[in-house]
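Each residue of the sequence shown is one higher than the one before, counting from 1 in the UniProt record's numbering.
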Amino acid sequence: MGTENLTLLCLSYIHQTITYCMSSSSNNPTSTSGNTTTDAITEQVTTWLEEVVIGLNLCPFAAKPQRNKQIKTFISQANKEEALLEDILLQLHELDNTDPESLETTLVVVPNMLEDFWDYNLFIDWVESLIKQKNWEGVYQVATFHPNYCFGGTEPEDAENLTNRSPYPIFHLIREESMERVLKHYPNPESIPDTNIARVSALSEQERKKLFPYLFS
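Below, the structure written as structure tokens:
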């Protein structure tokens, strides 16, 4: 397996082509910002990162940068596509101008828009086009998370979608070189998506409610 494909494995980011679930997203829980403060949103995302992503070991490589405080959580205040794209561009520039030892990766959290997974899915194309336009292909990639995340070929209630369900829409900006480097030393990286699916599928109803409270509110 080439390093380009290896970078897509962690957290089963793109283990299937992302398509919109056949049922309406209005039937699925979603998160809204309401009067939630930036600090509260950051706390929710940090809890998800530590209890789900790291706690369930969905990404075997997330614990170290989190422990070393190399993961930035940026809460976008955008409520228009153009403003959100500008926020993402600024965060990519910051990654580009910062040593990975200080800033490894960035989570762009979007509490005020893209609540519908269909809209979120369409916006992914904007982000990928931005990366291509700035000649950052092979340098950065975006991993995607959403409260109503649904992989192609699955139903909304399928457990495997939990691997990418987050409290808010999130765009994870990743340094490809860093991901390639760690995956080269990880045994059987191809097994990560299937292992993650098995892990979340084994969760009891009580465990799911504890780890994903935003899906049951």
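Cβ coordinates follow ideal geometry from the N, Cα and C atoms, glycine included. In this text, all values refer to a predicted model and were calculated from it rather than measured experimentally.
Limits of the beta strand (DSSP E) - the one that Thr154 falls within: Thr154 -> no beta strand (DSSP E), and no H or E assigned at all.
Could you name the residues of the same chain whose beta carbon sits closer than 8 Å to that of Thr105, not counting the 5 residues immediately before and after it, in chain order? Pro65, Gln70, Ile71, Lys72, Leu95, His172, Leu173, Ile174, Arg175, Ser178
Beta-carbon separation of Thr154 and Asn148 under 8 Å? no
Starting from the N-terminal side, write out each stretch of the alpha helix (DSSP H) that is 4 residues or longer and does not extend beyond the stretch 28-88. 38-48, 63-67
With a 10 Å radius around its C-beta and 16 neighbouring C-beta atoms as the bar for buried, classify Asn135 as buried or exposed. exposed
Rounded to whole angstroms, what is the Cα-Cα separation between Pro213 and Ile131? 33 Å
Measuring from the CB of Asn97, is there a heavy atom of the ligand SAH at a distance below 7 Å? Absence of the ligand SAH from the depicted structure is noted, as is the absence of any ligand whatsoever, leaving it without description.
To which residues of the same chain is Gln141 closer than 6 Å at the C-beta, ignoring the five residues directly before and after it? Ile174, Glu176
Report the residue from Leu56, Glu82, Thr42, Leu90 whose alpha carbon sits nearest the alpha carbon of Ala202. Leu56
Taking DSSP as the reference, what is the three-state secondary structure of Phe145? strand
Tell me the DSSP secondary structure of Thr195 in three-state form. helix
Can you look up Trp126 in the DSSP assignment and give me helix, strand or coil? helix
The alpha helix (DSSP H) with Arg208 in it runs from where to where? 205-211
DSSP beta-bridge partners for Arg181? Partner(s): none; Arg181 has no beta bridge.
Endpoints, the beta strand (DSSP E) within which Leu173 is located: 170-175
Which residues mark the beginning and the end of the beta strand (DSSP E) in which Val108 is found? 105-109
Pro193 and Val45: beta carbons closer than 8 Å? no
Three-state secondary structure (DSSP) of Tyr186: coil
Quick one: residues in its chain with C-beta nearer than 7 Å to the C-beta of Gly138, no 5 flanking neighbours on either side, listed in chain order? Glu176
If you draw a straight line from the alpha carbon of Ser217 to that of Arg67, how long is it in whole angstroms? 30 Å
State yes or no: is the C-beta of Glu81 within less than 8 Å of the C-beta of Trp126? yes
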